[in-house]
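Here is the structure we will look at, set down as structure tokens.
Residue numbers (the numbering used here): 293 to 423.
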């Protein structure tokens, strides 16, 4: 019974704040981008696009149906998927894959663009590289 009251309260609050939902778009986009980069490997490009197409075909037509809580969750999920797909497209377009294993000592030629110093490591950003 308490859960029902909590859900009713959340729905009422979401309904009152409906005109401000747009302010949560950057949060949902960031969650989608973070979800993409938190995975131990980058999902293939076609998987991200498949998720987006599934959402557009199946869930988007029902975006405005159901309870306010359901609508908000679908709306937030939509923007998270947009963030995930944006990350996937950016990585694919710039050819910047994540190295998920040690590649050993290599000779790399390129232009050093940026150096980031961390407590236990240093990150170099290179451009125009040749391995």
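Positions of the beta carbon are idealized from the N, C-alpha and C atoms, including for glycine.
{"Item": "Roughly how many angstroms lie between the CA atoms of residue 351 and residue 294, to the nearest whole one?", "Value": "29 angstroms"}
{"Item": "Within the chosen definition, does the segment 311-320 reach the segment 360-376 through at least 3 CB pairs nearer than 8 angstroms?", "Value": "yes"}
{"Item": "Where are the alpha helix (DSSP H) runs, 4 residues long or more, that stay fully inside the segment 334-383, in chain order?", "Value": "337-346"}
{"Item": "Quick check on residue 413: does DSSP put it in helix, strand or coil?", "Value": "coil"}
{"Item": "On a CA-only basis, which of 400, 358, 340 and 306 is nearest residue 382? Give me that one, please.", "Value": "340"}
{"Item": "Determine the contact status of residue 414 and residue 405, defining contact as a CB-CB distance below 8 angstroms.", "Value": "no"}
{"Item": "Excluding sequence positions up to five away, which residues of its chain have a Cβ less than 7 angstroms from the Cβ of residue 384?", "Value": "337"}
{"Item": "What does the Cβ neighbour count give for residue 364, buried or exposed, with the cut at 16 atoms within 10 Å?", "Value": "buried"}
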